[in-house]
Every structure is written in C-alpha cells, then in structure tokens.
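Colleague: Before we start, here is the structure in question, set down as structure tokens.
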Amino acid sequence: MSSETNARTDQATRVQALLDRYDTPDACAAQLLCDDHPAEAVAFTVIEADLSSTDLTFGDLRDQSTRFAAALADLSVEPGDYVATLMGKSADLVVALLGIWRRGAVHVPLFTAFAPPAIGFRLQASGAKVVVADADQVAKLVPSEDIPADAPWQVVVAGGDTAAGLNFNELLTAHNADDPRGEAVAVGANGGLVQLFTSGTTGTPKGVPVPVRALASFHAYLEFGLDVRNDDVFWNAADPGWAYGLYYALLAPMAAGVRSLLLHAGFSAPLTWQVMEQFGVTNFAAAPTVYRSLRADKTPVPQSVSLRRASSAGEPLTPDVVAWSEQTLGAVVRDQYGQTEHGMFIVNAWADGLREDVPAGSMGKPLPGWSCAVLSEDSDVLAAPGVPGRVAIDTHASPLLWFTGYVDAPEKTAQRFTADGRWYLTGDAGQVDEDGFFFFSARDDDVIIMAGYRIGPFDVESVLVMHDDVVEAAVVGMPDELRGEVLEAFVVVREGAEATDELAAELQQLVKRKFAAHAYPRTVHFVPHLPKTPSGKVQRYILRQG
1 MSSETNARTD
11 QATRVQALLD
21 RYDTPDACAA
31 QLLCDDHPAE
41 AVAFTVIEAD
51 LSSTDLTFGD
61 LRDQSTRFAA
71 ALADLSVEPG
81 DYVATLMGKS
91 ADLVVALLGI
101 WRRGAVHVPL
111 FTAFAPPAIG
121 FRLQASGAKV
131 VVADADQVAK
141 LVPSEDIPAD
151 APWQVVVAGG
161 DTAAGLNFNE
171 LLTAHNADDP
181 RGEAVAVGAN
191 GGLVQLFTSG
201 TTGTPKGVPV
211 PVRALASFHA
221 YLEFGLDVRN
231 DDVFWNAADP
241 GWAYGLYYAL
251 LAPMAAGVRS
261 LLLHAGFSAP
271 LTWQVMEQFG
281 VTNFAAAPTV
291 YRSLRADKTP
301 VPQSVSLRRA
311 SSAGEPLTPD
321 VVAWSEQTLG
331 AVVRDQYGQT
341 EHGMFIVNAW
351 ADGLREDVPA
361 GSMGKPLPGW
371 SCAVLSEDSD
381 VLAAPGVPGR
391 VAIDTHASPL
401 LWFTGYVDAP
411 EKTAQRFTAD
421 GRWYLTGDAG
431 QVDEDGFFFF
441 SARDDDVIIM
451 AGYRIGPFDV
461 ESVLVMHDDV
471 VEAAVVGMPD
481 ELRGEVLEAF
491 VVVREGAEAT
501 DELAAELQQL
511 VKRKFAAHAY
521 PRTVHFVPHL
531 PKTPSGKVQR
541 YILRQG
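Under UniProt numbering, the first residue of the sequence shown is numbered 1, with each subsequent residue one higher.
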C-alpha cells in the first residue's frame with residue numbers, strides 16, 4: 001500500500017472519528033465545546049488594546065456560562081429559542097455563547113459594524129427573544145424605523161450602562177454555578193446551534209441554520225486546512241459576527257480544545273504586528289483585507305514575527321499579497337474557499353499528507369470529507385479540465401456536508417441543488433485542472449459577458465492591484481448597447497496617491513498588457529472605499545446599481 005493511500009485511509013478514519021463524536025442523537029454543544037475539556041486548560045487568551053491579557057480556562061467558562069444559562073431560563077428562554085449577540089471579541093461574548101448553547105438555545109450573531117436596518121432585519125427574521133449587546137452597541141437597539149417600539153426581545157447589556165436593559169455581569173452574579181437551570185441541554189446532532197445569514201453579496205441575506213453536527217466539519221478544517229497543533233499560538237483575526245470568525249475563531253478551537261487568541265480591539269495594522277510579536281503567534285488566519293492592510297502599512301515589521309502557517313478566506317488572494325507574505329511573514333499565505341452554508345471545503349491545506357505546492361491562483365483541493373467538481377455551464381455533467389463551469393459539491397460523497405436548506409425559503413433552497421439532489425451548486429464559477437486543483441473565477445452573478453466573451457472580474461482585479469498606487473479594486477459589468485456588457489473598475493488608491501485621468505489610463509494599459517486587450521475597463525472610477533459584506537467580500541451588485 002502506497003504512502004498516499006495510507007494517508008487517505010488515515011484521513012477518512014479521522015473524518016469518521018469526528019462524525020462519531022459530533023453526529024449523535026444526544027449531542028450537547030456545551031459539553032462538546034467546553035465540559036469535555038480539562039477545567040484547567042486555557043481556552044482563550046483575551047488581549048486588550050493595551051496588550052494586557054487574561055486567560056480564560058474551560059473551567060472558568062463552565063462556571064460563568066452555567067450562571068448565564070440559568071439567567072436565560074429566568075428570562076423565559078427555552079431550548080430551541082433564539083438569542084442574539086451584538087458584541088465584540090471579548091470574554092463576555094464567549095461566556096454568552098456557551099450560556100446560550102448550555103440552555104439549548106440557538107445563537108444569532110450580529111456583526112458590530114451593522115447599522116440598525118441590518119440588525120432589525122436579523123432580529124425579526126430569527127424571532128430572537130433576547131439580545132446581549134455591548135454597551136457601545138445598545139444605541140442601535142433604540143426604537144426607530146428599523147427597530148420596533150414593541151420589540152419582543154429583551155436587551156442585556158454587557159460592560160457598561162444598564163439604562164437600556166438588564167446588566168450581563170449582574171445576571172451572572174445573581175445566579176449560582178450549580179444552579180440546575182444552568183445544566184447543559186442536549187439538543188442532538190440536528191438540533192440548532194447557530195442561525196447565521198448569508199453575507200449578502202447578491203442581495204437580501206438568507207437564513208442559514210447551523211446544526212450541532214456541523215462541528216465535525218469545523219473541527220476537521222482546523223486540523224486539515226489550518227494545521228492547528230497543540231503547541232501553536234493560534235490567532236484567527238476574523239470577526240465572530242460572520243461565518244469564518246464564528247466557525248474558526250471560536251467554535252473550532254473550543255471543539256478541539258486548543259488555546260486561541262481573541263483580540264478585544266478594533267483592527268489596526270500596527271496593533272496586529274504587536275500582538276504577533278508579543279504573544280508569539282505561529283498560526284494566523286484572516287480575511288484578505290487584513291493581509292492587504294498589513295502589506296500597505298508603513299510600520300516596521302518586528303523581526304521576531306515568523307509564522308508557521310498563514311491562511312486567508314473571504315475572497316481570492318491577489319498574487320502581490322502572496323509574494324509579500326513569503327518575504328514578510330515567514331510563511332506563504334494560503335487561500336481557502338468556503339461559504340456560510342458549509343464552512344471551508346476547498347482549500348490549500350497545510351496539514352501533513354495534504355500539503356502541496358500551490359499553483360498560482362488556485363483555491364486548492366477538496367478537504368477530506370468533501371467531494372467537489374466543476375459542472376458544465378448549461379447541464380449537470382462534469383466540465384472538462386480547464387473548462388469554466390459551476391463549482392459544485394457532491395452531496396452523495398461528502399460526509400461532512402451539513403447544510404440542508406435556507407430558513408423558510410424553499411425556492412432559494414431549490415436553486416442551490418440540482419433536480420436530482422446530487423449536486424449542491426455554490427453559485428460560484430470556476431474551473432479545475434488535470435491535477436485536481438480548483439480555480440475561482442467569480443460569483444455566477446458577477447461573471448461579465450462582453451461580446452460573447454466570459455470574463456471573471458477577479459482576473460482583471462488581480463492586475464489592477466499590481467499598480468503601486470492601488471490598494472483595492474473591483475470590476476463589474478455594465479450594460480452596453482453594442483457589446484452587451486463592458487467592464488467598469490472601481491479603484492481605491494493608496495494614501496498620498498492622486499486619482500487622475502493619467503492613472504486611469506495607466507490602469508487600462510496595465511490590464512491590456514498583463515491580462516487581455518479586450519478585457520480592460522472602459523471606465524475607471526476612483527472611490528474612497530468598496531462596499532463589502534461583514535466578511536470582507538465586495539458587494540459588486542451595489543456597484544452595478546450605481
């Protein structure tokens with residue numbers, strides 16, 4: 001038996017072991033994420049903006065979350081009810097989440113950058129009974145045209161003034177760690193864990209129910225994709241208000257019982273470098289925007305920064321960032337691909353037995369537990385290697401698949417599956433080469449068809465950001481009477497650079513030279529920023545709307 005065959009057998013065995021742990025009729029989230037681990041083991045090191053830090057052990061979390069679960073019972077929250085959080089990356093957030101799950105309730109994450117319309121939409125769509133909000137977020141819950149005056153949810157305020165609701169810390173103090181109402185409730189593998197919403201790259205967000213058994217997939221990615229080891233100092237800088245942060249900065253590390261860093265502060269490049277240096281980060285994951293910001297920052301990079309692993313998710317990495325990471329971080333940042341509906345499933349994996357040299361621009365290969373393919377653009381048959389098509393998941397051969405449909409949206413759900421149910425359609429266009437490496441092209445909705453040519457915006461965007469004066473770029477198709485569509489570019493220039501007609505012409509010529517003569521943007525718009533989802537994905541549909 002070859003070493004490659006042995007590795008595949010070991011991977012399949014590990015996938016089955018994870019399913020055996022998480023996919024059970026009596027699965028209990030609080031037990032799996034907290035109580036099963038040694039009480040003295042550190043779950044999180046919470047770091048403040050001044051670089052002071054506090055270690056949270058699993059024993060601490062069990063004690064505090066039991067108190068909060070009992071408090072939720074007093075607030076009439078029953079197993080299966082929905083509880084939202086509008087909180088930053090803090091110790092209080094982790095306690096709140098584990099208390100929600102200990103009660104058997106379902107967590108509804110609200111990103112702290114959301115404005116009242118997005119918050120109100122998610123609260124009403126989920127039917128949340130309670131909202132736990134940081135004190136600096138409570139103003140967003142005041143009655144308005146987006147927040148009803150007779151809102152059915154109760155507000156619990158963490159870390160500050162309680163004028164607008166109950167006090168989180170007082171609720172913890174008022175309940176005992178041995179309160180029987182705080183005992184962990186088992187909801188089973190198919191029971192609700194999280195109610196997320198799609199990131200809204202193409203319009204109104206859709207509700208995504210995440211069951212407890214999804215923890216098997218999250219845990220697998222931590223091991224196979226990120227190669228997080230017990231001796232790593234792991235930091236996923238993504239915000240837990242969106243999928244990559246919630247799944248892999250909080251859930252996966254707790255499931256695996258490995259220590260993780262949690263920065264209770266807003267992002268800044270200098271602070272990121274300081275955290276890496278002071279805490280000796282060895283395994284780092286973040287959105288592409290973070291890497292782009294670090295690259296653009298003028299702060300001297302600490303010499304002690306040397307990562308063993310670096311990973312990115314959200315949108316494809318441009319070649320300039322990949323080249324920079326190898327020189328600066330000590331590890332080439334690897335692109336990873338996934339969706340709110342599944343977590344990560346096609347990645348440039350870091351783990352031994354899966355790690356390969358990455359072809360330029362590839363998002364990798366399917367992880368163990370997943371089987372994927374590229375289907376033809378106009379029929380449900382496999383596309384030939386190198387031929388563009390629709391990226392799809394084989395539902396019959398993907399044991400880690402957990403998504404079954406959107407909340408109360410059967411038509412939207414049906415659009416995601418082929419008629420026979422065999423394939424889940426990601427809504428992304430791409431291709432696969434003869435070696436099995438996948439390449440992202442665009443969201444189906446974002447593909448530009450100009451004079452019969454199909455053009456993926458990412459290909460053009462990758463060239464535009466090669467220019468020294470460009471920080472970010474997005475390309476969309478606009479209606480054109482002659483060609484059907486033409487390309488228009490929206491460009492953010494670096495600080496100190498001038499947005500001139502000369503620069504626009506330089507960018508057009510750059511695309512002609514580096515990509516294709518026909519695929520240059522006919523118009524270049526200089527903008528202060530690009531519209532994005534909480535996860536950092538560019539909302540091209542907003543740009544198309546003008």
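Each residue gets a CB set at the ideal place from its N, CA and C atoms; glycine is no exception.
Measure from the alpha carbon of L33 to the alpha carbon of each residue in L215, L530, K412, H342, then state which is nearest.
Modeller: Among L215, L530, K412, H342, the Cα nearest to that of L33 is on L215.
Colleague: With which residues is L424 paired in a DSSP beta bridge?
Modeller: According to the sequence shown, residue 424 is Tyr rather than Leu. I393, F417, per the DSSP bridge assignment.
Colleague: For K129, report the span of its alpha helix (DSSP H) as first-last.
Modeller: Taken as a continuous stretch (DSSP letters only), K129 belongs to no alpha helix (DSSP H), as it is neither H nor E.
Colleague: Looking at V208 and T340, is the spacing between their C-beta atoms short of 8 Å?
Modeller: Yes.
Colleague: In this structure, how does DSSP classify H264 when only helix, strand and coil are distinguished?
Modeller: It is a strand residue.
Colleague: Do G99 and A69 have their CB atoms nearer than 8 Å?
Modeller: In this structure, A69 lies closer than 8 Å to G99 by Cβ.
Colleague: Going by beta carbon distance, what residues of the same chain come within less than 6 Å of S293, once the five residues before and after it are set aside?
Modeller: Counting only Cβ-Cβ distances below 6 Å, and skipping sequence neighbours, we find A269.
Colleague: Taking DSSP's pairing of strands, which residues face S53 in a bridge?
Modeller: Note: S53 sits in a beta bridge opposite I47.
Colleague: Quick one: what's L86 bridged to in DSSP?
Modeller: Answer by DSSP bridge pairing, in chain order: A133.
Colleague: Among residues of its own chain, excluding the 5 on either side of T413, which ones have a beta-carbon nearer than 6 Å to its beta-carbon?
Modeller: The residues are G405, Y406.
Colleague: Are the Cβ atoms of L123 and W101 separated by less than 8 Å?
Modeller: It is not a contact, given that the beta carbons lie outside the stated cut-off.
Colleague: In angstroms, rounded to a whole number, what distance separates the CA positions of L261 and D20?
Modeller: Their Cα atoms are separated by approximately 28 Å.
Colleague: I'd like to confirm the pairing. Which residues does DSSP put opposite R334 in its beta bridges?
Modeller: For R334, which the question treats as bridged, DSSP gives the partners S311.
Colleague: Closer than 7 Å by C-beta to P116: which residues in its own chain qualify, once you throw out the five before and the five after it? Chain order, please.
Modeller: These residues qualify, in order along the chain: K140, S144, D146, I147.
Colleague: What ranges does the alpha helix (DSSP H) occupy inside the segment 262 to 305, keeping only unbroken runs of at least 4 residues that lie completely in it?
Modeller: Whole alpha helix (DSSP H) segments, 4+ residues: 269 to 279, 288 to 296.
Colleague: Got a sec? Which residues, its chain only, sit under 6 Å from A104 by beta carbon, not counting five neighbours each side?
Modeller: Per the sequence presented here, residue 104 reads as Gly, with Ala not at that position. Answer for G104: P79, V185, V187, listed in chain order.
Colleague: Can you tell which of G369, E502, T282 has its C-alpha closest to the C-alpha of L400?
Modeller: Nearest option by C-alpha distance: G369.
Colleague: Would you kindly report the start and end of the unbroken alpha helix (DSSP H) that includes M254?
Modeller: Run containing M254: 252 to 256, per the alpha helix (DSSP H) assignment.
Colleague: In chain order, what residues of the same chain have a beta carbon less than 7 Å from the beta carbon of A296, not counting five sequence neighbours either side?
Modeller: Counting only Cβ-Cβ distances below 7 Å, and skipping sequence neighbours, we find V471, R494.
Colleague: Per DSSP, what are the beta-bridge partners of F490 in this structure?
Modeller: In DSSP, F490 forms a bridge with A474, H525.
Colleague: Specify, as a first and last residue, the run of the alpha helix (DSSP H) that F168 falls within.
Modeller: 168 to 173 is the span of the alpha helix (DSSP H), which, as asked, contains F168.
Colleague: Quick check: the segment 247 to 256 against the segment 216 to 223, are there 3 or more CB pairs under 8 Å?
Modeller: As far as the Cβ criterion goes, the segment 247 to 256 touches the segment 216 to 223, which means the pair count is three or higher.
Colleague: Using only CA atoms, which one of V332, L193, T299 lies nearest to A310?
Modeller: Among V332, L193, T299, the Cα nearest to that of A310 is on V332.
Colleague: Once the 5 residues before and after V15 are set aside, which same chain residues still bring their CB inside 7 Å of it?
Modeller: Counting only Cβ-Cβ distances below 7 Å, and skipping sequence neighbours, we find A220, P368, G369, P399, L400.
Colleague: Rounded C-beta distance between V491 and L464? I'm assuming under 8 Å.
Modeller: Contact holds; Cβ gap of about 6 Å.
Colleague: Should D433 be labelled buried (16 or more other beta-carbon atoms within 10 Å of its own) or exposed?
Modeller: Looking at its Cβ environment, which holds fewer than 16 other Cβ atoms inside 10 Å, D433 is exposed.
Colleague: What is the C-beta distance between A41 and T57, in whole angstroms, given that I count them as a contact (C-beta under 8 Å)?
Modeller: A41 to T57, Cβ: 6 Å. Contact.
Colleague: What three-state label does DSSP hand I449 in the structure shown?
Modeller: If DSSP states are grouped into helix, strand and coil, I449 belongs with the strands.
Colleague: Tell me which residue opens and which closes the alpha helix (DSSP H) that S542 is part of.
Modeller: Going by the sequence as given, residue 542 is Ile instead of Ser. Counting along the chain, the alpha helix (DSSP H) containing I542 begins and ends at 540 to 544.
Colleague: Does DSSP put R110 in a helix, in a strand, or in coil?
Modeller: A quick correction: the sequence has Leu, not Arg, at residue 110. In this structure, L110 counts as coil in the three-state DSSP scheme.
Colleague: For the beta strand (DSSP E) that K365 lies in, which residues bound it at each end?
Modeller: Looking at the DSSP string, the run of the beta strand (DSSP E) that includes K365 is 362 to 366.
Colleague: Once DSSP output is grouped into helix, strand and coil, what is the label at V321?
Modeller: Note: V321 maps to helix in three-state DSSP.
Colleague: Would you mind working out which of L250, V374, A473, V94 sits nearest D60, comparing C-alpha positions?
Modeller: The option with the nearest alpha carbon to D60 is V94.
Colleague: What would DSSP say about D178, mapped onto helix, strand or coil?
Modeller: Correct three-state label for D178: coil.
Colleague: According to DSSP, which residues form a beta bridge with I346?
Modeller: Note: I346 sits in a beta bridge opposite Y337, P366.
Colleague: Would you be able to state if there are at least three C-beta pairs under 8 Å between the segment 298 to 308 and the segment 372 to 390?
Modeller: In short, these stretches do not touch, since the Cβ pair count stays below three.
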